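Protein chains in written order, with our numbering: chain A, 15 to 128; chain B, 6 to 615; chain C, 2 to 251.
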Amino acid sequence: MSVLPYFVAAWLVLVGLYGIATSRNLIHLIACLSVVQSGTYVVLLAIGFRVGGTAPVFSDVAPGTPTVDPIVAALTLTDVVVGATVTALLLAIAVQTHKRTGTLDPDELRELAG
Amino acid sequence: MDAVLPLTIAVPVATAAVLAALGHFLRRAVADAIAVAAAAATTVLCAIVLHRSTTHQVVHWFGAWQPRRGVAVGVDFAAGPLAAGLALLAAALTTAALVFAARYFDAVRTLHHAVVLVFGAAMIGFALSGDLFDIFVFFELMSVAAYGLTAYKSEERGALQGALNFAVVNSVGAFLVLFGIALLYGRTGTLNLDQLGRALESHGSDGLVVVAMALVVGGFFVKAAIVPFHFWLADAHAVAPTPVCILFSGVMVELGIYAGARVYWTVFSGAIPPGAALRAVLIGAGVLTALIGAVLCVAQHHLKRMLALSTISHSGIALIGVGQLGATGLAGAGVYVLGHGLVKGALFACTGVLLHRLGAVDTHHLHGRAKRLRFIAVVWFAGGLALAGLPPFATYLGKGLIDEGSRELHATWLAVVVVAAAGATGLAVLRAGAQVFFGWGPVAEDATSEAQDGDEEQETRGSPGRTPVVMAGVAATLLAGALALGLAPHLAHGADRAAHRFVDRRASAAEVLDGAPATPPPATSPAPSPSPSMVVYGVAGAAFAVAGAALAIGRTRLPRSLRNGATRIGAPPLRALRAVHTGHVGDYVAWLVAGVALLGGLLAVAARPL
Amino acid sequence: MRHRARLALFSAGALALAVLLGWGVLGLPRFGHTHDTVGDVITAAVTGERHVSETVGAITFDYRGIDTMGEELILFVAVAAVAIVLRDEHEEPLDEGAGRTSLQTSETIRFIGLALLPCVVLLGLYIVSHGHVSPGGGFQGGVILASGALLLFLAGDFRTFHRTVSEPVGDPAEAVGMGGYLVIGLAGLAFGAAFLDNVLPFGSSGDIASGGVIPLLNLTVGLEVGAGIVLITIEYLETIVRVRQREVVP
Chain A
15 MSVLPYFVAA WLVLVGLYGI ATSRNLIHLI ACLSVVQSGT YVVLLAIGFR VGGTAPVFSD
75 VAPGTPTVDP IVAALTLTDV VVGATVTALL LAIAVQTHKR TGTLDPDELR ELAG
Chain B
6 MDAVLPLTIA VPVATAAVLA ALGHFLRRAV ADAIAVAAAA ATTVLCAIVL HRSTTHQVVH
66 WFGAWQPRRG VAVGVDFAAG PLAAGLALLA AALTTAALVF AARYFDAVRT LHHAVVLVFG
126 AAMIGFALSG DLFDIFVFFE LMSVAAYGLT AYKSEERGAL QGALNFAVVN SVGAFLVLFG
186 IALLYGRTGT LNLDQLGRAL ESHGSDGLVV VAMALVVGGF FVKAAIVPFH FWLADAHAVA
246 PTPVCILFSG VMVELGIYAG ARVYWTVFSG AIPPGAALRA VLIGAGVLTA LIGAVLCVAQ
306 HHLKRMLALS TISHSGIALI GVGQLGATGL AGAGVYVLGH GLVKGALFAC TGVLLHRLGA
366 VDTHHLHGRA KRLRFIAVVW FAGGLALAGL PPFATYLGKG LIDEGSRELH ATWLAVVVVA
426 AAGATGLAVL RAGAQVFFGW GPVAEDATSE AQDGDEEQET RGSPGRTPVV MAGVAATLLA
486 GALALGLAPH LAHGADRAAH RFVDRRASAA EVLDGAPATP PPATSPAPSP SPSMVVYGVA
546 GAAFAVAGAA LAIGRTRLPR SLRNGATRIG APPLRALRAV HTGHVGDYVA WLVAGVALLG
606 GLLAVAARPL
Chain C
2 MRHRARLALF SAGALALAVL LGWGVLGLPR FGHTHDTVGD VITAAVTGER HVSETVGAIT
62 FDYRGIDTMG EELILFVAVA AVAIVLRDEH EEPLDEGAGR TSLQTSETIR FIGLALLPCV
122 VLLGLYIVSH GHVSPGGGFQ GGVILASGAL LLFLAGDFRT FHRTVSEPVG DPAEAVGMGG
182 YLVIGLAGLA FGAAFLDNVL PFGSSGDIAS GGVIPLLNLT VGLEVGAGIV LITIEYLETI
242 VRVRQREVVP
């Protein structure tokens, strides 16, 4: 199917969002955020794929051979770094939250209601 | 190519790197001075860019990758006057925040300065960039810096939860933007804003374009705290240190509106031309945001939360201006954002002083205790009136232009909504001022109280006996700036010309991609000078704020039946509205998903090729 | 909001969002048949223009170098933010011995870890320096280098790790990496036509010394990423050690 990868990407985003909305544990929530992000990886890389194309590395292949789109690979690389850093920061917040409140359950964090 | 443009981000970032490297070895005062100097230098650079942008698009192609035969290969900064103006606001407020922070952040001081400088650079880059993915990168940079600064008071549970909500909601918004960018790249094969506009123009609108617009604009509206993406803002402001709040409310939120406008006009306006249905969607969202923000603001007695909720309301007003999809409204939104940023910064500075001197930011705990802080009181009351739109502050001018735009659309009711919302926020500020600085009004709180009570931990050091000069100075300077801006000759005219250039997609693309010389702006009708109706609206707003505050203060003198009736009508919807704001991140994300889906659905209907 | 109400709201929104996303992606070209893109323009030109054989590296560090600078900055800020969030106000002296008692390592792990360490470091350096010739680059190599440092922790104990790779070393390293990128960018502005202009000679494709400033940028990024990740790890480990410390010494 020629749109399956895109549907997979959309599915990842939606499943991750479901996880975040219904999460009972902050670590689980942050992992679901990573799932949402991997949906964006999939859509980017799927867009860049070319049938019959090889990796855009010309050390062993002559320039001019059909390759996949390199820009989406660079975009995905940036996306990965961004996601990793946000995850690191969120996990630090989760660690500190557990240290201060003893819980990781969003339902029990009621400091900001109202 | 312009060489000053890259320096506007290189200077603060380089300073941040230096501060981080030498952090252990620098004395506090030296680190402060270096940071402030860098921010001030950046402000000057941005002013230069603004000056140059009045005659032509200021463009810089990074890596010297000029476009080839009209195809953009590299990444560019492309700034018109509106973008440059916002960059200047970001730089100025960053300087103010660093100056104000002289008493803050004893721990991790140089780290804080480094992060604030990078935050400022990210906002500037976000405003000036002409490449959609580059905008996304700066958007994430801005956000990560903001999350870290929000969580500064990591000893407090509230701070951690606020930072978490902020981080999760904004990250989801950012990923939705990225999905939209991917769709656009798949369709057009480019990431450059002007090039995207050209490519989409020839194709017209279909499912992909509509969905991409919903995702990208919706994601940026998360940052702009448009309802129903707004929940995170009050949480973050309530817990972040005051200098950081100056930056958040002053410019970060408004950049979301700007980005939405920029992306629409430069990328989507060819495929989805401005039309009545699209206007209705955007203005509707703006009205909803303005009103909800205003209502919540009035019902709030925690000063920082109150100011944050008023920011939501003003963000909605700016969206109303942008959503009119015309040059006048856009010009008004631009001026309004500038004025509001300065005024809000001044008000937050005042709360910082209150916190420093009296150790509290809740009107219930501050009641009548600030009688000696007369200078701050003057700034506070002037700020409240400025929020309500009193002439000749810049907020009055911006609002007036937006109202002019409403009149052009024969929607005078819109002007009334804007006056009411702004007036209500001014009312809240004035009422709080009367309670805190004069001790007026009933001491006992009424039935609607919220959970976040208790004094805030002392954020600052130094004796609380005197108001530090830097704090008062920052507050006064920012407010004076808003006044000066409002009095600046030809500001309305300049903003109008800038807006016309902003919406002229083709001319901008010709300048950026083809290197065509700047076309003189079309001969517009004489500048919208302050018309009598503008002044009337401004004064009306201020009068509404004053009257409302007086009413709130003196309500014990009203007949009991009237008070009971008002409470019976007003309390249940207010309670319901506040019950929705749970502080639970799962709820916020659910609202976000529903909001984006709704936006997409409405756009699908509005953008139907007729 | 009660759980059921939230679920209802979310489900309605997610269903609509699913329809929207599906409708949107149906407008994309068929998988594998994307039209001419900027990427194609660059692929055609990269070996000739920059004498570099790895196109993604050329894009990351040359064509779209400013994005990479932003990315580096994000890591830089995240490290600072983690330090801000995880800082301990009480500033107790860190009892590094607490790390030892709670995190015992076996002799096997110690041996394997120390044997692998030089291999990992070498691999990391190779990936960083050859980023423009074969797949890899500063980010990937930097992460590998950081994992080498983590091996040191796993194989040894917290005390050794902390002494070798402590903050007074990590902070300047990261800042030098960040600053190095900026200096190169400004050099482009000073000696060339634009910020991040590639002003060094390009050499011949396939060599390490090719692509102008690209290998230098790779090195700075590798340094920054490696140092940054190690700093983040140190923050986390310190937190754990402090928690254990408080448990051991009531």
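Glycine is no exception: its CB is placed at the ideal position from the N, C-alpha and C atoms.
Since we're looking at a predicted model, the values are computed, not measured.
Beta-carbon spacing of residue i, residue j below 8 Å
i, j, result
"glycine 339 (chain B)", "alanine 503 (chain B)", "yes"
"alanine 391 (chain B)", "phenylalanine 398 (chain B)", "yes"
"serine 159 (chain B)", "valine 86 (chain C)", "yes"
"glycine 298 (chain B)", "isoleucine 317 (chain B)", "yes"
"leucine 197 (chain C)", "glycine 68 (chain B)", "yes"
"isoleucine 61 (chain A)", "valine 173 (chain B)", "no"
"alanine 332 (chain B)", "aspartate 501 (chain B)", "yes"
"leucine 492 (chain B)", "alanine 304 (chain B)", "no"
"glycine 213 (chain C)", "arginine 65 (chain C)", "no"
"valine 594 (chain B)", "leucine 31 (chain A)", "yes"
"phenylalanine 11 (chain C)", "valine 598 (chain B)", "yes"
"leucine 116 (chain B)", "alanine 81 (chain C)", "yes"
"leucine 283 (chain B)", "valine 258 (chain B)", "no"
"valine 120 (chain B)", "glycine 90 (chain B)", "no"
"serine 207 (chain B)", "phenylalanine 353 (chain B)", "no"
"tyrosine 395 (chain B)", "phenylalanine 549 (chain B)", "According to the sequence provided, residue 395 (chain B) is leucine. The question's tyrosine does not apply to it. Against a cut-off of 8 Å, the Cβ pair of phenylalanine 549 (chain B) and leucine 395 (chain B) comes out as no contact."
"glycine 543 (chain B)", "glycine 405 (chain B)", "yes"
Residue i, buried or exposed, once every other Cβ within 10 Å from all chains shown has been counted against 16
i, result
"serine 454 (chain B)", "Residue confidence for serine 454 (chain B) is low, a pLDDT of 40 falling below 50, so the modelled location carries little weight; the figure read from the coordinates is stated next. Exposed."
"serine 211 (chain C)", "buried"
"valine 35 (chain B)", "exposed"
"aspartate 37 (chain C)", "exposed"
"phenylalanine 140 (chain C)", "buried"
"alanine 309 (chain B)", "Residue identity check: residue 309 (chain B) is lysine in the sequence provided, not alanine. Lysine 309 (chain B) comes out buried."
"alanine 452 (chain B)", "The pLDDT assigned to alanine 452 (chain B) is 34, lower than 50, so where the model puts this residue is not dependable; a value taken from the coordinates is nonetheless given after this. When all chains shown are included, alanine 452 (chain B) counts as exposed."
"arginine 506 (chain B)", "buried"
"lysine 349 (chain B)", "buried"
"alanine 456 (chain B)", "Confidence at alanine 456 (chain B) is low in this model, with a pLDDT of 34, below 50, so the placement of that residue should be treated as unreliable; the coordinate-derived value is given next. Exposed, because fewer than 16 other Cβ atoms sit within 10 Å of the Cβ of alanine 456 (chain B)."
"aspartate 460 (chain B)", "Residue placement at aspartate 460 (chain B) cannot be trusted, given a pLDDT of 39 that sits under 50; what the coordinates show is reported in the next sentence. The residue is exposed, with fewer than 16 neighbouring Cβ atoms inside 10 Å."
"proline 447 (chain B)", "exposed"
Candidates the options: closest to residue i by CA position
i, options, result
"threonine 271 (chain B)", "B:Gln305, B:Asn197, B:Leu293, B:Phe226", "B:Asn197"
"arginine 243 (chain C)", "C:Arg88, C:Val57, C:Leu22, C:Gly71", "C:Arg88"
"valine 49 (chain A)", "B:Leu582, B:Val177, B:Gly546", "B:Val177"
"proline 80 (chain A)", "C:Gly40, C:Gly49, C:Thr234", "C:Gly40"
"leucine 18 (chain A)", "C:Leu18, C:Leu22, C:His4", "C:Leu22"
"valine 94 (chain A)", "C:Val184, C:Thr69, C:Ala9", "C:Thr69"
"isoleucine 145 (chain C)", "C:Leu8, C:Cys120, C:Val80", "C:Cys120"
"leucine 18 (chain C)", "A:Arg38, A:Ser37, A:Ala23", "A:Ala23"
"leucine 27 (chain C)", "A:Ser52, A:Ile41, A:Gly53, A:Phe21", "A:Phe21"
"glutamate 413 (chain B)", "B:Leu352, B:His361, B:Leu330, B:Ala425", "B:Leu330"
"valine 9 (chain B)", "C:Ala191, C:Leu201, C:Val226", "C:Ala191"
8 Å contact criterion, which residue i and residue j should meet: CB distance rounded
i, j, result
"leucine 26 (chain A)", "proline 120 (chain A)", "Contact doesn't hold; Cβ gap of about 22 Å is too wide."
"isoleucine 138 (chain B)", "alanine 179 (chain B)", "The amino acid at residue 138 (chain B) is misidentified as isoleucine; the sequence shows phenylalanine. About 12 Å separates the two Cβ atoms, so there is no contact after all."
"leucine 93 (chain B)", "leucine 55 (chain B)", "5 Å"
"serine 320 (chain B)", "alanine 229 (chain B)", "5 Å"
"arginine 510 (chain B)", "glycine 135 (chain B)", "Going by Cβ atoms, the distance from arginine 510 (chain B) to glycine 135 (chain B) rounds to 13 Å, so no, they are not a contact pair."
"glycine 132 (chain C)", "glycine 138 (chain C)", "3 Å"
"phenylalanine 124 (chain B)", "alanine 151 (chain B)", "7 Å"
"valine 286 (chain B)", "leucine 608 (chain B)", "7 Å"
"histidine 61 (chain B)", "glutamate 516 (chain B)", "7 Å"
"valine 122 (chain C)", "glycine 142 (chain C)", "Rounded, the Cβ-Cβ distance is 10 Å, inconsistent with contact."
Proximity test, residue i beta-carbon vs the ligand MN heavy atom, cut-off 7 Å
i, result
"phenylalanine 141 (chain B)", "The ligand MN is not part of this structure, which contains no ligands at all."
**Request:** Could you tell me whether the region 182 to 192 of chain B touches the region 218 to 226 of chain B, where touching means 3 or more Cβ pairs closer than 8 Å?
**Result:** yes
**Request:** Assess, as a yes-or-no matter, whether the region 258 to 272 of chain B is touched by the region 342 to 350 of chain B under the definition of 3 or more beta carbon pairs within less than 8 Å.
**Result:** yes
**Prompt:** Any chance the region 167 to 180 of chain C sits against the region 41 to 58 of chain B, with 3 or more Cβ pairs inside 8 Å?
**Reply:** no
**Asked** Is the region 152 to 171 of chain B close to the region 241 to 253 of chain B, with three or more CB pairs under 8 Å?
**Response** yes
**Asked** Given 8 Å as the limit, is there contact between the region 209 to 217 of chain B and the region 42 to 56 of chain C, that is, 3 or more CB pairs closer than that?
**Response** no
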